[in-house]
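Read left to right, the sequence shown gives residues -24 to -1, 1 to 290 (mature numbering (1 follows the signal peptide of the UniProt record, and there is no 0)). Don't be surprised by glycine CBs; every beta carbon is placed ideally from N, CA and C. Just so we're clear, the structure is a prediction, and the values are computed from it rather than from any experiment. Take a look at the structure below.
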Amino acid sequence: MQGTKIRLLAGSLLMLASAGYVQADALQPDPAWQQGTLANGLQWQVLATPQRPSDRIEVRLQVNTGSLTESTQQSGFSHAIPRIALTQSGGLDAAQARSLWQQGFDPKRPMPPVIVSYDSTLYNLSLPNNRNDLLKEALTYLANVSGKLTITPETVNHALSSEDMVATWPADTKEGWWRYRLKGSALLGHDPAEPLKQPVDAAKIQAFYEKWYTPDAMTLIVVGNIDARSVAEQINKTFGTLKGKRETPAPVPTLSPLRAESVSIMTDAVRQDRLSIMWDTPWQPIRESAALLRYWQADLAREALFWHIQQELT
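The structure is reproduced here in structure tokens:
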């Protein structure tokens, strides 16, 4: 009887969620949210949040390229480029660059400075509030990353001998369940954590960088208690000089549909056997409202199923 009640509750919640989605007014854009496109194609978005003056200033640069754009001979290039970037001063003097990275992460919610995936590379900076000087330096650094890196045998060797601060998405590309999901997908041969093949050819990395790191394939996002107009002007001044245009479309990452079957996966990552029920949900971060709705509905279903199983076990 209890299980029937929970199933009815889950069904009601799902129907309410669906009905609410249909009947709700369309979301209106936040008037504080500004966006634009520079003449070279770079897209920018700025959100001023004066109502949250103590929040840190979040800066993100997304480049629409990742390991899926690599050929077999280029394996590891997409991971190596941000490693090279993190060892250079990015148009700043050494003291400025050191200060930027010392203050450029949130100690309460730390993020990797760069995350490389199959189809994107994300540069992350979290700056203290009321530090317009640091924001200006951050934009200068990211503009340098976007098209002015120095890639030579010396800079490559220096990067490879330094600590690897670049993370991947998914975080563990060798994890058993993820490897199972990759079956039948082109992603299988394009691991974003793959190291460079030896011997390393810096000229080929430079050519890859110039081909895929083009401003028309980049999006810059700045959020915080900032002067939006001033930041927009600074973006135009700092990033407007970048050159290059994407001539080859980047491959689109896709996974095969998840089959309804039971599988056994062996791994050393857990000490106790684990029973999991997995949904065929998108693996990429949520970027649009339809994906958010699917996530909410799946989350309600998961919660109802958890209640039911917990009740049966107790």
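Excluding sequence positions up to five before and after residue 158, its CB lies within less than 8 Å of the CB of 164 and 231, all in the same chain and listed in chain order. For residue 15, the secondary structure class from DSSP, reduced to helix, strand or coil, is coil.
A distance below 8 Å between beta-carbons, with the five flanking residues on each side excluded, links residue 41 to the following residues of its chain, in chain order: 54, 95, 96, 97, 188, 189, 193 and 226. Distance between residue 19 and residue 202, taken at the CA atoms: about 19 Å. In the structure shown, the three-state DSSP call for residue 74 is helix.
Boundaries of the beta strand (DSSP E) harbouring residue 102: 97 to 103, taken from the DSSP string. Bounds of the beta strand (DSSP E) holding residue 34 are 33 to 39. Going by C-alpha positions, residue 233 is about 7 Å away from residue 256.
Per DSSP, residue 181 lies in no beta strand (DSSP E) segment; the continuous alpha helix (DSSP H) that holds it begins and ends at 178 to 188. Here the region 74 to 84 makes no contact with the region 118 to 138; the two share fewer than three CB pairs at distances below 8 Å. Rounded to the nearest whole angstrom, the C-alpha separation of residue 281 and residue 235 is 19 Å. Cβ neighbours of residue 141 within its own chain (closer than 8 Å, five residues either side excluded): 59, 62, 88, 89 and 90. One alpha carbon belongs to residue 9, the other to residue 72, and they sit about 30 Å apart.
Burial is judged here by how many other beta carbons sit within 10 angstroms of a residue's own beta carbon; residue 253 has fewer than 16 and is exposed. One Cα belongs to residue 268, the other to residue 262, and the distance between them is close to 6 Å. In the DSSP annotation of this structure, residue 163 is not part of any alpha helix (DSSP H), being labelled neither H nor E. Beta-bridge partners assigned by DSSP to residue 24: 200.
As the crow flies, the alpha-carbon of residue 212 is around 7 Å from that of residue 14. Residues 156 of the same chain have their beta carbon placed closer than 7 Å to that of residue 239, with the five preceding and five following residues left out of the count. Taking the CA atoms as reference points, residue 48 sits about 27 Å from residue 219.
The Cβ atoms of residue 195 and residue 168 lie no closer than 7 Å to each other.
DSSP places residue 142 in no alpha helix (DSSP H) but in the uninterrupted beta strand (DSSP E) bounded by 142 to 144.
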